[in-house]
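Each remark here refers to the structure printed beneath this line.
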Amino acid sequence: MSYPKSEPTPTGPSAMPIEVLLVDDDERWSEILASDLEREANLKVTVALSANEALMTLQERSSIECVVADYVMPEIDGLQLLERVREERSELPFIFFTGQGSEDVASRAINAGISDYFTKDPTVDQTPLLVNRIIQAVEQRRLQRDLEASEERYRTITEQIWDGIVILRNDRVLFCNERFTKVTGYDAENMADRSFVRTAIHPDDRAAVNDALQTARSGNANGDVFEARLITDTDELRECEYTIQTVPFENDTAQVVSVRDVTESKRRQRSLRRERELNRSVRTALVKARNRSDLEHRITALLSESGYELAWIGETTDDSIQLRRVAGTARYLDRVTLSVGAGAPTGEPSIWTARTGDPKFVADISEMFPTTWRDLAMECGFGSAAALPLCHDGVRYGILAGYHAESNAIDESERELLTELSETLAFAIHHAEVKKALSAPTVVEAELELTGPSHYLTDLVSESAPDV
């Protein structure tokens, strides 16, 4: 049998009356006591003459805030009723008001969670005393319930907001919300009472964060946003923004630290800034380049300057890739085989691109199956690689390849940047080649044989030919 949970009840002079369930098998005495209780205070008393009647009443009435029960009752005593009620409503105030009992009964009642226990004295009017015990027990429960509701609302808010929230006292973690655990990987229970700064902040940023916490503890915090690097449970570095506020806590103060992960935002900002800078440099290279060779030299140099350990441009022949321009560490190219003939290995990105005409990106070289090129690339310190075709209007002019020291450095935005760069370079090479062909000083002679007498060129040649 389950009982509905009691709802919060307002307190104060105009509050609704406290609903009390009085359980005693003496019907006459119960009716008199109920009347006296209601006359003494703002109470509404319901009488139950047995434990089963009490259980049914509690099941139907969630508004009951206190049970007053005798210990000695037929069939089911008050202690058994208490134990049954505690199974479903552990928080409900339960008072024993009995004429019979013993130290053993009192001890068992306390262990079962009794709220109060005292004996009847027929020589004294105990109504005021019982009223006082009821009001104290109910008000204490109401305060506890309000506190739990407040904490639940606060927890709900902190769990639903986007920022990570950490509550500290003297740098020791009192609470952290689910968002913080997702960002950092730290388990909330394991973080309890640990140093926030020593556990989660990058060593180079700890002094600044300690200063900010000290300023907040002194009451001089202004809510300004500051940045510091955070170290996750797996030693991953995250860039975060923080704000600190000081709030009252258990006759002292605590610091509420808001943690916002801005790693991706910072990465996108850097990517956009780099893209703008590279595009500006490419436009300058296109304008200043005197010929195709000069253009290729400038582009590979730009990639090398922007973080690639090795950048090169090659031209595909029948059975291999011939290097045209190289910038950066050339040790890899001195040892790798760039053959595209039948039976040649296909793992190297540039070979794959030469054969298929499609771009090839390797996010993490270490995750590839061990092969000669993969082991050589790792030995040379490469973490990721890319190879893209230089193609315009269906004509292939070669391959652009780049190798980065960091794994996963060639992400989606970098792929888009390299793709746009390769298309721009192919377009520029195409125009350089056309310009070279048009400005070539060599004269080419060609002979045409016109077999049809009706062709207009026959008449044109006949008219312009000298008389013999």
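If you want our numbering, it's the position in the sequence shown, counting the first as 1, plus 741.
For glycine and all other residues, C-beta sits at the position ideal for the given N, C-alpha and C.
Note that the coordinates shown come from a computational prediction; the quantities given were computed from them, not determined experimentally.
Counting only residues of its own chain and dropping the five nearest sequence neighbours on each side, Val1081 has a CB closer than 7 Å to the CB of Thr1057, Asp1060, Ser1061, Ile1062, Ile1092, Ala1095 and Arg1096. Within the DSSP secondary-structure output, Thr860 pairs in a beta bridge with Thr839. Judged by beta-carbon spacing, Gly840 lies within the 8 Å limit of Thr860, meaning their Cβ atoms are closer than that value. The C-beta of Phe1123 has 16 or more other C-beta atoms within 10 Å across all chains shown, which makes the residue buried. In terms of Cβ geometry, Glu816 and Glu760 do not form a close pair [threshold 8 Å].
Here DSSP, grouped into helix, strand and coil, assigns Phe1110 to coil.
For Arg802, there is no enclosing beta strand (DSSP E), as DSSP marks it with neither H nor E. With a threshold of 16 other beta carbon atoms within 10 Å, Ile985 meets it and is buried. In this structure the segment 992 to 1002 lies against the segment 903 to 910, because at least three pairs of beta carbons, one per stretch, are closer than 8 Å.
In the structure shown, Asp928 adopts coil according to DSSP, grouped into three states.
Residue burial annotation: Phe1110 is exposed, with fewer than 16 other C-beta atoms found within 10 angstroms of its C-beta.
Unbroken alpha helix (DSSP H) runs of no fewer than 4 residues, entirely contained in the segment 969 to 1034, are found at 1004 to 1029, following chain order. Spanning the alpha carbons of Ile1151 and Arg1065 requires a straight line of approximately 23 Å. Per DSSP, the beta-bridge partners of Trp1053 are Val1067 and Ala1142. By the beta-carbon neighbour count (other beta carbons within 10 angstroms, threshold 16), Ile851 is exposed.
Counted as a single uninterrupted DSSP element, the beta strand (DSSP E) harbouring Phe1102 occupies residues Lys1101 to Val1103.
Assignment of beta-bridge partners to Cys917 by DSSP yields Val907.
With respect to the 8 Å criterion, Ala795 and Gln821 are not classified as neighbours on the basis of their beta carbons.
According to the DSSP assignment, Pro1130 belongs to the beta strand (DSSP E) that extends over Ser1125 to His1133.
Distance from the Cα of Thr922 is smallest, within the candidate group Val879, Asp974, Gln877 and Ser959, for Asp974. By the neighbour-count definition (other C-beta atoms within 10 Å, threshold 16), Met757 is an exposed residue. A straight-line Cα-Cα distance of about 12 Å links Gly964 and Arg958.
Within its own chain, the residues whose Cβ lies closer than 6 Å to the Cβ of Ser1148, once the five positions on either side in sequence are excluded, are Asp1105, Gly1124 and Ser1125, listed in chain order. Leu822 carries a helical assignment under DSSP once its states are collapsed to helix, strand and coil. One alpha carbon belongs to Glu829, the other to Arg882, and they sit about 16 Å apart. Around Arg935, the same chain offers Val914 as residues with beta carbons nearer than 6 Å, after the five sequence neighbours per side are excluded. Remark: C-beta atoms of Ile1170 and Arg1033 approach each other more closely than 8 Å. Residue nearest to Leu1051 within the set Val813, Phe967, Ile855 and Ala1146 is Ala1146 (criterion: CA-CA distance). Within a 10 Å sphere around the beta-carbon of Lys1101 sit 16 or more other beta-carbons, which makes this residue buried.
Around the C-beta of Arg1039, 16 or more other C-beta atoms lie within 10 Å, and the residue is accordingly described as buried. Apart from the 5 residues on each side of it in sequence, Ala782 sits with its Cβ closer than 6 Å to the Cβ of Val872 in its chain, given in chain order. Residue environment analysis places Ser1107 among the exposed positions, since fewer than 16 neighbouring C-beta atoms fall within 10 angstroms of its C-beta.
With a contact defined as Cβ atoms closer than 8 Å, Ser999 and Asp904 qualify at about 5 Å. With respect to the 8 Å criterion, Ala949 and Ala969 are classified as neighbours on the basis of their beta carbons.
Under DSSP, the beta-bridge partners assigned to Arg1137 are Cys1132. For Ile1151, no alpha helix (DSSP H) segment is defined, and its DSSP state is neither H nor E.
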